[in-house]
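Trainee: My questions all concern the structure below.
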């Protein structure tokens with residue numbers, strides 16, 4: 011049997027997520043009752059950048075299961091400074107040292123690299139701007155516990171929607187559970203286009219932008235997005251934006267949750283931006299539609315949630331952090347085989363395009379670009395043929411190419427050419443420019 | 011049942027201290043025999059400034075009780091640098107993460123803040139210049155073990171008596187057990203007036219200063235203080251300082267212990283001050299009155315205790331550190347309810363004056379002044395009416411006020427006025443200056 | 011019974027090393043089966059310089075034995091910065107805090123100091139340029155597992171042979187097991203003369219230098235050394251270097267192992283030196299004589315072992331790191347008395363010359379020179395009389411003296427004088443210069 015890792019929330023099916031929640035329920039009901047479950051197992055927490063909360067939550071979870079923990083709280087102080095590759099580190103630590111690895115790394119895609127080299131399960135505790143799937147599990151679990159179900163919730167995502175990997179992962183996960191998502195960004199912190207595209211393309215959502223309006227209590231002149239499951243419904247009858255919004259708004263009668271994210275002061279371009287950052291307080295929660303809204307936050311917060319809300323029963327941010335422990339207990343015991351998944355999904359098929367080592371990922375913070383030693387080739391999957399799009403197999407950033415080649419015929423075509431559709435999936439390759447395909451001996455095909 | 015914390019040594023009554031010692035005796039007799047007592051419990055050590063000895067002592071204690079430990083050895087490297095408030099951190103960690111918190115913090119009063127926000131017991135492992143109560147417990151326990159009792163001991167406190175919170179806490183505790191204390195400070199490191207005042211005011215001690223004399227072996231021209239229990243005794247018959255000293259000296263025939271503190275080189279204003287720092291060596295211990303004196307030190311030492319004393323049977327500083335483990339085991343098992351106190355004292359009544367948020371604590375290192383986010387109001391207790399004195403509810407620093415108000419009548423009086431005595435305790439308030447009371451709509455009452 | 015420490019690989023006899031391996035075999039066969047063996051014991055890891063791999067390996071080992079761990083991952087952040095001596099730290103931590111200490115320190119000889127002050131067993135996890143004996147155990151254990159025996163192996167040591175304490179310790183250990191050692195240094199990284207002298211003098215080896223030749227695959231123009239057990243054999247028949255080499259080479263038909271060491275980039279004087287650093291790759295392993303050579307490395311590696319070898323079955327560097335866990339489990343359980351040695355060797359007799367406190371160790375990185383506080387006297391053993399050589403009792407660096415004295419007669423002789431042979435072993439002393447012996451009242455004896 012092959013090992014399971016958790017690198018992306020998409021490594022778990024919806025059914026598997028619900029199974030993890032069922033295990034977490036079992037643990038949460040008796041936090042001191044499972045102290046033998048993972049006895050004689052060791053978890054290594056390797057943090058290439060420090061994070062108190064996440065690290066302590068994992069370590070607490072492992073202790074509550076009776077397991078042991080070995081920790082590097084800050085790998086920058088350690089042998090990685092002697093120039094060791096990530097691959098070597100995880101091959102050493104993921105041997106006799108430890109039975110499961112928890113890794114945090116500033117480079118996007120680092121956890122995927124760790125998983126592919128380690129012999130033991132790897133859990134991604136945050137890899138740069140890519141994912142933080144246990145946070146997402148914890149967010150979903152909080153919603154499940156509070157709302158009783160995950161299907162079709164109405165959730166406001168608010169604040170920094172640009173840099174927060176937490177909010178991106180949550181948006182994808184909510185989309186999988188057919189949620190209606192309303193994005194209320196702080197000015198200059200809008201949800202990036204690639205996230206909206208991914209929501210539309212991969213998760214069959216319908217994002218629609220509206221200027222100003224209903225959410226002025228949260229932030230003035232909000233540049234809001236409604237993201238709704240893309241299914242035949244009455245919205246298709248309307249073409250006028252105001253009518254469409256009104257209609258959508260009617261669908262979303264009661265907000266189930268407001269998910270705030272932290273204002274990172276170093277991101278603010280000006281004091282005006284800082285002042286314009288949305289804030290949740292009692293006034294917001296008194297607005298129409300917010301009566302049943304729970305308030306969530308991945309923490310740490312600054313002032314985007316008023317301290318006055320700490321005693322409000324709808325405030326769930328501390329509860330959310332608490333639930334991280336049973337969730338991580340559940341995940342660890344699943345991956346260590348102590349609570350095996352029923353009907354586990356086949357591992358996600360990764361159709362990596364061979365021979366693309368000469369193309370670089372477009373994301374400068376991708377592990378394939380930050381990692382030294384030359385051992386880690388670029389790897390891409392083809393996301394779509396027209397337009398031609400490649401996705402980095404590690405950080406999942408999507409990039410175009412200029413020429414697409416057919417390896418069996420040593421021919422290339424302009425990426426926008428219809429001929430691209432005809433290349434066999436196993437023979438496809440791609441190039442940045444003329445020099446690149448010529449260097450490999452390819453010729454341009456001047457058809458169509 | 012409400013949780014118990016240990017923030018100040020005064021959170022425990024003398025009887026409770028003796029109960030903790032009895033539990034520590036039980037553990038010390040079989041250091042490997044209690045490895046199941048706190049099984050399935052987790053202690054979090056949150057150190058906002060590093061301290062190897064204290065942290066390792068707590069962690070060793072928890073392990074010897076069979077419990078687990080999660081650690082942040084240096085919070086400066088962690089999410090607190092993301093601007094998280096102390097209150098938020100302890101609410102998260104003191105939930106499912108951990109069952110008891112041990113906190114070290116550079117700001118005075120920080121541990122009290124942690125205790126008031128966390129749902130689990132909090133142990134103060136040193137909060138700035140305020141307290142370090144487990145060190146004090148350990149000091150008292152060493153004295154008890156070596157001398158057989160705590161009542162009426164004769165103890166020399168020596169060295170840096172100005173900045174050492176350890177020595178202040180110990181002085182208060184010794185006073186509670188009716189000790190005779192002789193203070194032999196290094197030049198420029200005298201015991202601060204507020205400590206002497208507190209010893210006199212709250213602990214009914216009688217401090218008396220003498221210049222030069224008996225303790226030249228320790229430090230030349232010692233500016234010594236004798237602090238004796240304030241009870242009717244023959245001293246009152248003498249008015250002449252020399253006679254009084256001689257009499258007191260006669261009462262203190264044999265020094266039970268010399269408690270040295272560390273010279274912090276960065277505190278020295280000059281090389282002369284460094285050279286004049288008192289030092290204990292074989293010669294001192296051969297002086298009259300010192301034959302039975304044990305030598306104590308909170309460690310780390312520098313050269314204030316000569317290495318030649320390490321083999322002297324009266325040297326107790328390493329023993330003192332060793333006893334820290336059973337003491338902390340006892341404390342942890344008491345707070346976790348595994349060795350509940352008999353006849354536990356009612357929690358110390360804290361009569362906090364409402365509406366004093368506009369007054370600031372006078373101690374710049376107080377947590378109410380260093381903590382960001384505006385969630386932590388100033389809180390004060392009234393120590394005395396004439397002179398009017400407020401004590402910060404967190405760092406316990408005492409401060410005056412200029413005007414005292416009556417909230418029921420919206421009137422203020424000069425703080426030194428006799429009218430202050432007549433204000434009902436629940437209605438009292440205070441102001442720094444005219445602008446402050448006027449801003450709140452109070453008027454000056456021109457009586458008396 | 012006195013405690014056992016592991017400071018140098020020479021603290022264990024060959025028979026004891028084999029016993030440790032037998033215990034390690036027992037553990038390696040069932041890595042999760044010994045979780046009760048060291049229950050209720052605590053290991054403290056005190057790292058005065060960080061080292062992820064070594065620390066995690068020790069901590070994993072202790073956890074797999076059911077013991078607990080307290081850790082200082084970086085003592086520079088801790089109370090040692092308050093100026094505490096190493097002796098005081100280990101006396102505190104090696105009391106009730108912990109039952110065994112693991113120490114890493116930048117100063118040579120530091121672990122020996124720790125062992126002499128702590129009441130509990132001390133394990134050296136690397137002390138400056140001195141030793142790293144658990145790495146050596148792990149290296150030998152890997153050779154034993156792969157080759158079936160340790161006696162008479164043919165081992166190539168390659169790369170930085172100058173600064174690597176790992177390689178020096180391994181060379182001594184291999185010599186004890188009658189190995190043939192071939193040294194292939196990187197240019198400017200030759201094995202130091204004192205190591206060659208020690209191999210010849212203490213381990214009865216015969217080092218012989220050859221320029222260029224057989225090992226050009228590894229490094230061009232290798233300045234190789236053959237180090238062979240010094241026993242009557244056919245080599246003595248040859249006097250010509252080429253013949254001798256050919257003969258030796260014939261003896262060493264098949265290389266059993268290539269032990270590579272890391273290129274520390276900061277050591278390179280020039281880019282040429284970096285480029286000339288030896289590298290092992292598939293081509294090297296295809297050369298004659300290397301078919302059965304396993305590839306070893308203490309890790310972390312940089313590019314001195316090509317990533318292409320990672321899948322070669324002869325690559326043992328990750329396996330080597332894995333074996334560190336059962337080896338350290340074995341060592342810990344031996345030192346804690348859970349797997350006591352049979353026929354334990356008497357502790358190595360250390361004949362320390364008294365009264366040499368005025369001589370300083372010649373090694374500036376020796377703990378006797380870096381440690382503050384004046385509590386740690388220089389101590390030396392006499393290695394040889396003619397030439398007169400003293401060895402530092404801590405870092406084991408050998409130094410000469412100018413004058414040798416007879417304490418019974420208060421006379422000194424020039425160190426090269428034959429009279430030195432006649433001084434009684436208990437009366438011998440030594441001096442740096444005339445002023446030194448005159449200061450002590452000695453007179454020069456002008457005989458012979």
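Protein chains in written order, with this note's numbering: chain A, 11 to 458; chain B, 11 to 458; chain C, 11 to 458.
Glycine included, C-beta positions come from ideal geometry on N, C-alpha and C.
All of these numbers come straight from a predicted model, not from anything done at the bench.
1) Using the C-alpha atoms, what's the distance from residue 196 (chain A) back to residue 390 (chain A)?
2) Cβ closer than 8 Å: which chain C residues qualify as neighbours of residue 290 (chain B)?
3) Output the distance between the C-alpha atoms of residue 172 (chain A) and residue 274 (chain C), rounded to the nearest integer angstrom.
4) Does any residue of chain A have a CB that is nearer than 8 Å to the CB of residue 332 (chain C)?
5) Can you list, in chain order, the residues of its chain whose CB lies under 7 Å from that of residue 406 (chain C), leaving out five sequence neighbours each side?
6) Mapping DSSP to helix, strand and coil, what is residue 433 (chain B)?
7) For residue 94 (chain C), which residues in chain B fall below 9 Å Cβ to Cβ?
8) Would DSSP call residue 322 (chain B) helix, strand or coil?
9) Which residue from A:349, A:425, A:271 and A:209 puts its Cα closest to that of residue 447 (chain A)?
10) Would you be able to state if there are at least three C-beta pairs under 8 Å between the region 53-65 of chain B and the region 167-187 of chain B?
11) In the region 384-400 of chain C, which residues sit with their C-beta less than 8 Å from some C-beta in chain B, listed in chain order?
12) Can you check the region 172-242 of chain A for any alpha helix (DSSP H) of at least 4 residues that lies completely inside it and give the ranges in chain order?
13) Whole beta strand (DSSP E) runs in the region 376-444 of chain B with 3 or more residues, listed along the chain?
14) Identify whether residue 453 (chain B) lies in helix, strand or coil by the three-state DSSP scheme.
15) Mind pulling the chain C residues with CB within less than 7 Å of residue 50 (chain A)?
16) Buried or exposed: which applies to residue 382 (chain A), given that a residue is buried once 16 or more other Cβ atoms fall within 10 Å of its Cβ?
17) Could you give the DSSP three-state label for residue 315 (chain C): helix, strand or coil?
18) For residue 80 (chain A), would you say it is in contact with chain C, using Cβ-to-Cβ distances shorter than 8 Å as the test?
19) Report yes or no: do the region 11-26 of chain B and the region 64-75 of chain B share at least 3 C-beta pairs separated by less than 8 Å?
20) Around the C-beta of residue 350 (chain A), are 16 or more other C-beta atoms found within 10 angstroms, so that it is buried, or is it exposed?
21) Any idea if residue 159 (chain C) is buried or exposed, counting beta-carbon neighbours within 10 angstroms, 16 or more meaning buried?
22) If I'm right that residue 329 (chain C) touches residue 48 (chain C) with Cβ under 8 Å, what's the distance once you round it to whole angstroms?
23) In whole angstroms, what separates the C-alpha of residue 396 (chain B) from that of residue 414 (chain B)?
24) Using a Cβ cut-off of 7 Å, pull out every chain A residue sitting near residue 101 (chain B), in sequence order please.
25) Under 7 Å between beta-carbons, which chain A residues line up against residue 108 (chain B)? List them in chain order, please.
26) Of all the residues that make up the region 150-183 of chain B, which are near chain C by a beta-carbon distance shorter than 7 Å?
27) Alpha carbons only, please: which of B:281, B:306, B:267 and B:331 is nearest the one belonging to residue 300 (chain B)?
28) Consider the Cβ of residue 147 (chain C): report whether some Cβ of chain A lies at a distance smaller than 8 Å.
29) Are the C-beta of residue 325 (chain C) and some C-beta of chain A separated by less than 8 Å?
30) Kindly indicate if chain C contains any beta-carbon less than 8 Å away from that of residue 367 (chain A).
31) Buried or exposed for residue 78 (chain B), going by 16 or more other Cβ atoms inside 10 Å?
32) Whose C-alpha, out of A:332, A:321 and A:385, is nearest the C-alpha of residue 313 (chain C)?
33) Do residue 388 (chain B) and residue 417 (chain B) come within 8 Å of each other at the CB atom, strictly closer than that value?
34) What is the C-beta distance between residue 85 (chain A) and residue 168 (chain A), in whole angstroms, given that I count them as a contact (C-beta under 8 Å)?
35) Taking the C-alpha atoms as reference points, what is the distance between residue 289 (chain B) and residue 94 (chain C)?
36) Check distances from the C-beta atoms of the region 416-445 of chain A to those of chain C and list, in chain order, the residues that come in under 8 Å.
Mentor: Inspection of the coordinates gives the following:
1) 33 Å
2) Within chain C, no residue comes near residue 290 (chain B); the closest Cβ sits about 15 Å away, beyond 8 Å.
3) 41 Å
4) yes
5) 140
6) coil
7) Within 9 Å Cβ-Cβ: 62, 63, 309, 310, 311 and 312.
8) coil
9) A:425
10) no
11) Answer in chain order: 384 and 385.
12) 175-186 and 203-211
13) 390-394, 399-402, 413-416, 421-424 and 438-441
14) strand
15) 42 and 45
16) exposed
17) strand
18) yes
19) no
20) exposed
21) exposed
22) So it is not a contact: roughly 25 Å between Cβ atoms.
23) 11 Å
24) 328, listed in chain order.
25) 70
26) Against chain C - using a Cβ distance shorter than 7 Å - the region 150-183 of chain B contributes no residues.
27) The closest CA to that of residue 300 (chain B), considering only B:281, B:306, B:267 and B:331, is found on B:267.
28) no
29) no
30) Taking Cβ atoms only, chain C never reaches closer than 8 Å to residue 367 (chain A), which makes this a no.
31) buried
32) A:385
33) no
34) The pair is not a contact, with the Cβ atoms about 33 Å apart (cut-off 8 Å).
35) 16 Å
36) So nothing in the stretch comes that close.
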